Each structure stands twice: as C-alpha cells, then as structure tokens.
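With the first letter of the sequence shown counted as 1, position 64 gets the number 64 in our numbering; the numbers rise by one all the way through.
Cβ coordinates follow ideal geometry from the N, Cα and C atoms, glycine included.
Bear in mind the structure is a predicted one, so any value in this text is a computation, not a measurement.
To start, the structure under review is shown below, and the notes come after it.
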Amino acid sequence: MPDLKLRPADSEKITINLFPVDLGQIDLLVQQGFYANRTDLIRTAIRNQLNQHADVVKQTVERNQFVLGLQQFSSADLEAARTAGEMLNIRVLGLATIAPDVTAELAAATIGSITVLGALHASPAVKAALAGRIN
C-alpha cells in the first residue's frame, strides 16, 4: 500500500477553549509580530510539545506496531486480503483512509479491527459496518 503525501485537505479542524487571559497573551504575541496569527502560535506550541515527547511517541509506535503517517486502503487491497483469507487489523497513528469505492460488505469481510490515533476517513456506510471494530 503506497504512502501518501500530506495535503492541506488532510488536516483536521479542532476546537479548544481558552481562558481570556491566555487568549489575550496570544493576541499580544501576534500583535508584536512573533506569530502570523493565533493558529500559527497554537500549531507551533503543539509541534514543540510533540518534539519534546518524540521519544515516547516513537517507542509507543514501535511497541504497539502502529503505521506512522498516512495509510490508504483501496478496494483492490481489500479484495486481495479477502482472496488470501486474511482479516486486516489496521493500526495507524496519523490518517487512515478507506477509499470511497470500498463497500460496507467488503470492509466488514476483510477488516477485523481499526485503531487510529488521528483521523479515519471512510464512507458513512463503511464506518457503520465497522462500528463495533473501531477502537
């Protein structure tokens, strides 16, 4: 299964609540030119924390046998698994995508479990068919 390049459309939107004083300090740093905008500061802070804990992430990924990054599953991938009589146990830290042409029946017949730390992109029908298998 080929690795995919990260695209802006692959990003996920999150919402956070901040106290007014924290938000004011962020706005001050933006106003003083340290950051282009609030999002720039928040992304930088998150990246700094992820870099600080990179060893823990790496060890956990290895220990739990996660695929790190982007992983896509096409109809052809799942048909090959079905032909081989295999059930896939998907473990991704990043983005797992089940292609739009994958039917709910094919997904249910070939995917034993899904653990995604990050985001799972799949059709509503596929997500419904795998609801009890998504951790």
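Where do the ends of the alpha helix (DSSP H) carrying residue 15 lie?
In the sequence shown, the residue the question calls residue 15 occupies position 15. That residue, residue 15, is in no alpha helix (DSSP H); it is neither H nor E in DSSP.
Using DSSP with H/G/I as helix, E/B as strand and the rest coil, what is residue 85?
In the sequence shown, the residue the question calls residue 85 occupies position 85. Coil at residue 85, not helix or strand.
Since residue 39 is in the alpha helix (DSSP H), which residue starts that stretch and which ends it?
Position 39 of the sequence shown, counted from the start, is the residue given in the question as residue 39. Counting along the chain, the alpha helix (DSSP H) containing residue 39 begins and ends at 38-52.
By how many angstroms is the C-alpha of residue 81 removed from the C-alpha of residue 17?
One-based indexing of the sequence shown puts residue 17 at position 17. One-based indexing of the sequence shown puts residue 81 at position 81. Computed Cα separation, rounded: 43 Å.
With a Cβ-Cβ cutoff of 8 Å, do residue 51 and residue 91 count as a contact?
On the sequence shown, residue 51 is found 51 positions in, with the first residue counted as 1. On the sequence shown, residue 91 is found 91 positions in, with the first residue counted as 1. Cβ atoms of residue 51 and residue 91: not closer than 8 Å.
For residue 71, which three-state DSSP category applies?
In the sequence shown, counting from the first residue as 1, residue 71 sits at position 71. Three-state DSSP puts residue 71 in a strand.
Using the three-state DSSP reduction, which class does residue 129 fall into: helix, strand or coil?
The sequence position of residue 129 within the sequence shown is 129, counting from 1. DSSP places residue 129 in helix when its eight states are reduced to three.
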